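Participant:
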Amino acid sequence: MDTKKSMSVSTRASDPQTLSESSAGLLRELVAHLRQNRTQLREEWARRITRAELLTAMTEEEIFAEATAVYDNYVEALETGTFEALQAYSRRLSERIIPRGVETDEVVGIVLLLRDVLARSLFTKYQDNVEKLNRILDSYEPAANRIANTVAVGFVEERERIIRQQQEAIRELSTPVLQVRERLLILPIIGVIDPQRARQLTEQLLRAIRANRAKVVVIDVTGVAAMDSGVANHLVQTVEASRLLGATVIVTGLSPEIAQTLVTIGVDLSEMATVGDLQGGIEEAERLLADRAAPTTQVREIAPESSR
Amino acid sequence: MEVPILRQGQYLIASIQSALTDADLSHLREALIAQVGRSRCRGVIVDVTALDVMDSFAVRTLRDIAHMARLRGAETVIVGIQPDVAFAMVQLGLTLKGVATVLDLEEGLAFLTRRTEERYRETKPRRPSDRG
Amino acid sequence: MGEELRLPIAADVDVVEARQQGRALAAVAGFSSGEQTVIAAAISEIARNILMYAKKGEITLSLVQNGDRQGVSIIATDQGPGIPDIERAMQYGYSTSHGVGAGLPGAKRLMDEFNVDSVVGQGTTITMTKWRRAI
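Protein chains in written order, with this note's numbering: chain A, 21 to 328; chain B, 606 to 737; chain C, 37 to 171.
#1: When you compare the CB of Val152 of chain C with every CB in chain B, is at least one pair closer than 9 Å?
#2: So, is Arg223 of chain A buried or exposed, given that buried needs 16 or more other C-beta atoms within 10 angstroms?
#3: Below 8 Å on the Cβ atoms is my contact criterion, and I expect Leu75 of chain A with Glu126 of chain A to pass it. Report the Cβ-Cβ distance as a whole number of Å.
#4: Find out if the Cβ-Cβ distance for the pair Trp77 of chain C, Gly107 of chain C is shorter than 9 Å.
#5: So, using beta-carbon positions, are Thr654 of chain B and Leu633 of chain B closer together than 9 Å?
#6: For Met673 of chain B, decide whether its Cβ has a neighbour in chain C, counting only Cβ atoms nearer than 9 Å.
#7: Got a sec: is the Cβ-Cβ distance from Gln622 of chain B to anything in chain C below 9 Å?
#8: Among the residues of its own chain, which have a CB less than 7 Å from the CB of Arg612 of chain B, if the five just before and after it don't count?
#9: Just verifying my parser: in three-state terms, what is the DSSP assignment at Tyr146 of chain A?
#10: Can you check whether the CB of Leu226 of chain A is closer than 9 Å to the CB of Val689 of chain B?
#11: Would you identify the three-state DSSP class for Lys166 of chain C, choosing helix, strand or coil?
#12: Please name the residue in A:Asn169, A:Thr268, A:Arg307 and A:Pro276 whose C-alpha comes closest to that of Ala293 of chain A.
#13: In chain C, what lies closer than 9 Å to Phe692 of chain B by C-beta?
#14: For Pro119 of chain A, which of A:Ala87, A:Ala89 and A:Ala77 has the nearest alpha-carbon?
#15: Considering only residues of the same chain and omitting the five flanking positions on each side of Leu710 of chain B, which have a CB-CB separation below 8 Å?
#16: Round the Cβ separation of Leu264 of chain A and Leu701 of chain B to the nearest angstrom and send it over; I've been treating them as touching at under 8 Å.
#17: Can you pull the chain B residues whose beta carbon is under 8 Å from the beta carbon of Gln56 of chain C, in chain order?
#18: Starting from Asp248 of chain A, trace the alpha helix (DSSP H) both ways and give me its first and last residue.
#19: From the DSSP secondary-structure annotation, give me the bridge partner or partners of Gln696 of chain B.
#20: Assess, as a yes-or-no matter, whether the stretch 47-62 of chain C is touched by the stretch 91-106 of chain C under the definition of 3 or more beta carbon pairs within less than 8 Å.
#21: Between which two residues does the beta strand (DSSP E) harbouring Ile79 of chain C extend?
#22: With 16 as the cutoff for other CB atoms within 10 Å, does Ile190 of chain A come out buried or exposed?
#23: Thinking C-beta only, is Ala112 of chain C closer than 9 Å to Ile86 of chain C?
#24: With H, G and I counted as helix, E and B as strand and the rest as coil, what does DSSP make of Ser141 of chain A?
#25: By DSSP's criteria, Asp240 of chain A is part of a beta bridge. Which residues make up the other side?
#26: Would you report the Cα separation of Tyr109 of chain A and Asn93 of chain A, rounded to the nearest angstrom?
#27: Report all residues from its chain with a CB closer than 6 Å to the CB of Trp167 of chain C; omit the five preceding and five following residues, and keep chain order.
#28: Using the beta-carbon count (16 or more within 10 Å), is Gly121 of chain A buried or exposed?
#29: Under three-state DSSP, which class holds Val608 of chain B?
#30: Quick one: Cα of Gly129 of chain A to Cα of Phe67 of chain C, how far?
#31: Name, please, each residue of chain A whose Cβ falls closer than 7 Å to the Cβ of Gln696 of chain B.
#32: Please tell me whether Ile183 of chain A has its Cβ less than 9 Å away from any Cβ of chain B.
#33: Using DSSP with H/G/I as helix, E/B as strand and the rest coil, what is Gln216 of chain A?
#34: In chain order, what residues of the same chain have a beta carbon less than 7 Å from the beta carbon of Ser154 of chain C, not counting five sequence neighbours either side?
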């Protein structure tokens, strides 16, 4: 009806409720056209993909099969204005093709090619009616862009998920807890520690204490550049949890900055056994182990109360 | 669920076998206090190996046991806290500060033996050379 | 995801049952053993709170999904006296009975999402959720 109105809603063209009657009608017409010409448009698209040398990791049959699914999902997203199904499909597709070595630029490339193929077919169909063509494009373009975005983001998220999974697997394999002698464990912490890694280290340490029946643990943080209060808190929790398993913890390599962070979160450093460097810490640990008759820190805490 | 309490020399050993309700924990506390009071008990071991979770009530009960036992002249040591349980406890903010905790029964007995000897030494007149 | 388990809380055996069921559900959701223990502990605290203050109530456990993350959701409801000052109750260390109790603030620390709705004289609903870290 009025182009002004349809232009003002063009940014939300993908939301059916805000469409004016004519825009909704145009969208229906557009979707019908895409469905009717499905076969030939899909083939055109597959041809373009091959010409652009995309998806080289896949065979032509595979490309065609995936192209069909993408096409149908694409049209459905245009029709319904909802993108959840497309998002889910994009992730599943990514899950399939990432192990095959398909790269992000390829996925973005093919979706943009489909957008182009469909746009061209619209140009052809409405070439005699520029005004109608413009209005159809008003409906088509925002939706098509959102689709490209959805598919690309789905792919990237899946990739990131896989990378995290691989990193996790690597972490699980590498056991950072070292047993240097009987009942003495060393946990050197290196680099940047995120909360997830911190939790993992604690779990591994506690299990190691149990498995090795460790009495003393030396946690060396020389290699840790900086520690935020969250991770510092985590360190304190680790010391406390180790104590519950009967192990004394000596923390070594505390930089002045990290010591400051600990003080800031309320840690009483006089309560925490600390030694300047790892070597010193190991020596102190050995002293504690050898001197079995000496009271441990724990026992000092339960010295007889004055109530007796 | 009755928790079996065994006597080993001068020590009492309470072995928790399975998940305990709050009422079970309270009964355990009463039973231990009664037995410590009756006999000349020097130490109490509570074995929590079988507990797959320890919440604030469990921790409070263990602290009560240790406190009451101490008033009657006995040391308490908690043995067998599982790694996962220990981690959950510290995250919940529960501490057993003031109560001895060791890895297992063997360590618990060794601990009590050392403690008994130390306390014996402490009650003797102090000489400067005694403190190591 | 649809799977939901409603558990009555009226006696202290129910507290044990609730946390064991919570652990089992967390296992189904793929949580690690350590996280299962954490969830069980949080449920234990909340269930005990129901017993202590409201005498009886209900805990509903369910699996939830957010994108590609799975999680466990716990809803504890009762028709008890309600919490007069939620903010104060959430401060660690505050408790109206028996001194130390981890209770609400403790459970909140363990969970990713935590919400308390309470009306004095009507009752309390606590909703808490823990998500598996997305891998």
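Heads up, the beta-carbon is just placed ideally off N, CA and C, and yes, glycines get one too.
These figures come from a predicted structure and were not determined experimentally.
Facilitator: Answer, in terms of the structure:
#1: Translated into positions along the third sequence, residue 152 of chain C becomes position 116. Judged by the 9 Å Cβ criterion, Val152 of chain C is not in contact with chain B.
#2: Against the first sequence, residue 223 of chain A aligns to sequence position 203. It should be pointed out that residue 223 of chain A corresponds to Glu in this sequence rather than to Arg. Answer is buried; the Cβ neighbour count reaches 16.
#3: Here residue 75 of chain A is taken as the residue at index 55 of the first sequence, counted from 1. Here residue 126 of chain A is taken as the residue at index 106 of the first sequence, counted from 1. Leu75 of chain A to Glu126 of chain A, Cβ: 6 Å. Contact.
#4: For the purposes of this step, residue 77 of chain C is taken as the residue at position 41 of the third sequence. For the purposes of this step, residue 107 of chain C is taken as the residue at position 71 of the third sequence. Position check: residue 77 of chain C holds Ala in this sequence, whereas Trp was assumed. Not a contact, by the Cβ cut-off of 9 Å.
#5: Residue numbering aside, residue 654 of chain B sits at position 49 when the second sequence is read from its first letter. Residue numbering aside, residue 633 of chain B sits at position 28 when the second sequence is read from its first letter. Result no, Cβ atoms of Thr654 of chain B and Leu633 of chain B do not sit closer than 9 Å.
#6: Within the second sequence, the letter at position 68 stands for residue 673 of chain B. It does not; no Cβ of chain C falls within 9 Å.
#7: The residue labelled residue 622 of chain B in the question sits at position 17 within the second sequence. Chain C, which has no Cβ nearer than 9 Å to the Cβ of Gln622 of chain B, makes this no.
#8: One-based indexing of the second sequence puts residue 612 of chain B at position 7. Around Arg612 of chain B: no qualifying Cβ.
#9: Taking the first residue of the first sequence as 1, we reach residue 146 of chain A at position 126. Of the three classes helix, strand and coil, the one that applies to Tyr146 of chain A here is coil, per DSSP.
#10: Position 84 of the second sequence, counted from the first residue, corresponds to residue 689 of chain B. Position 206 of the first sequence, counted from the first residue, corresponds to residue 226 of chain A. Note on identity: in this sequence residue 689 of chain B is Asp, with Val being the wrong assignment. Yes, these two residues count as a Cβ contact at 9 Å.
#11: Locating residue 166 of chain C in the third sequence gives position 130, where the first residue counts as 1. Three-state DSSP puts Lys166 of chain C in a strand.
#12: As a working mapping, residue 293 of chain A is identified with position 273 in the first sequence. Comparing Cα-Cα distances from Ala293 of chain A to each of A:Asn169, A:Thr268, A:Arg307 and A:Pro276, the minimum goes to A:Thr268.
#13: Counting from one through the second sequence, the residue named residue 692 of chain B turns up at place 87. Under the 9 Å cutoff, chain C gives Gly70, Thr73 and Val74.
#14: Position 99 of the first sequence, counting from 1, holds the residue named residue 119 of chain A. Among A:Ala87, A:Ala89 and A:Ala77, the Cα nearest to that of Pro119 of chain A is on A:Ala77.
#15: Residue numbering aside, residue 710 of chain B sits at position 105 when the second sequence is read from its first letter. Same-chain partners within the cutoff: Ile618, Ile650, Asp652, Val684 and Gly685.
#16: Start at 1 with the first residue of the first sequence, and residue 264 of chain A comes out as number 244. Start at 1 with the first residue of the second sequence, and residue 701 of chain B comes out as number 96. Correct: roughly 6 Å between the Cβ atoms.
#17: What you label residue 56 of chain C is simply residue 20 of the third sequence in a count that begins at 1. Per Cβ cutoff of 8 Å: Ala624.
#18: As a first step, residue 248 of chain A must be located in the first sequence, where it is residue number 228. Asp248 of chain A -> no alpha helix (DSSP H), and no H or E assigned at all.
#19: The count along the second sequence starts at 1 and reaches residue 696 of chain B at position 91. According to DSSP, which records beta bridges pairwise, Gln696 of chain B is partnered with nothing at all.
#20: yes
#21: Translated into the one-based positions of the third sequence, residue 79 of chain C becomes position 43. That residue, Ile79 of chain C, is in no beta strand (DSSP E); its alpha helix (DSSP H) goes Ser69 to Asn85.
#22: Counting from 1 along the first sequence, the entry for residue 190 of chain A is found at position 170. Answer is exposed; the Cβ neighbour count stays below 16.
#23: Stepping through the third sequence from its first residue, residue 86 of chain C is reached at position 50. Stepping through the third sequence from its first residue, residue 112 of chain C is reached at position 76. Result yes, Cβ atoms of Ile86 of chain C and Ala112 of chain C sit closer than 9 Å.
#24: To locate residue 141 of chain A, count along the first sequence from 1; it is residue 121. DSSP places Ser141 of chain A in helix when its eight states are reduced to three.
#25: Within the first sequence, the letter at position 220 stands for residue 240 of chain A. Note: Asp240 of chain A sits in a beta bridge opposite A:Pro208 and A:Thr272.
#26: Locating residue 109 of chain A in the first sequence gives position 89, counting from the first residue. Locating residue 93 of chain A in the first sequence gives position 73, counting from the first residue. Near 8 Å, if we compare the C-alpha coordinates of Asn93 of chain A and Tyr109 of chain A.
#27: Counted from its first residue, the third sequence places residue 167 of chain C at position 131. Cβ within range, chain order: Arg105, Gly107 and Asp148.
#28: Translated into the one-based positions of the first sequence, residue 121 of chain A becomes position 101. Exposed, because fewer than 16 other Cβ atoms sit within 10 Å of the Cβ of Gly121 of chain A.
#29: Here the question's residue 608 of chain B lines up with position 3 in the second sequence. DSSP places Val608 of chain B in coil when its eight states are reduced to three.
#30: Your numbering for residue 129 of chain A matches position 109 in the first sequence. Your numbering for residue 67 of chain C matches position 31 in the third sequence. Roughly 38 Å between the two C-alpha positions.
#31: Locating residue 696 of chain B in the second sequence gives position 91, where the first residue counts as 1. By Cβ distance, chain A contributes Gln257.
#32: Position 163 of the first sequence, counted from the start, is the residue given in the question as residue 183 of chain A. No, Ile183 of chain A lies away from the interface with chain B (no Cβ there is under 9 Å from its Cβ).
#33: Position 196 of the first sequence, counting from 1, holds the residue named residue 216 of chain A. Reduced to three states, the DSSP call for Gln216 of chain A is helix.
#34: As a working mapping, residue 154 of chain C is identified with position 118 in the third sequence. Within the same chain, Ser154 of chain C has close Cβ partners Gly118, Ile119, Ile122 and Thr160.
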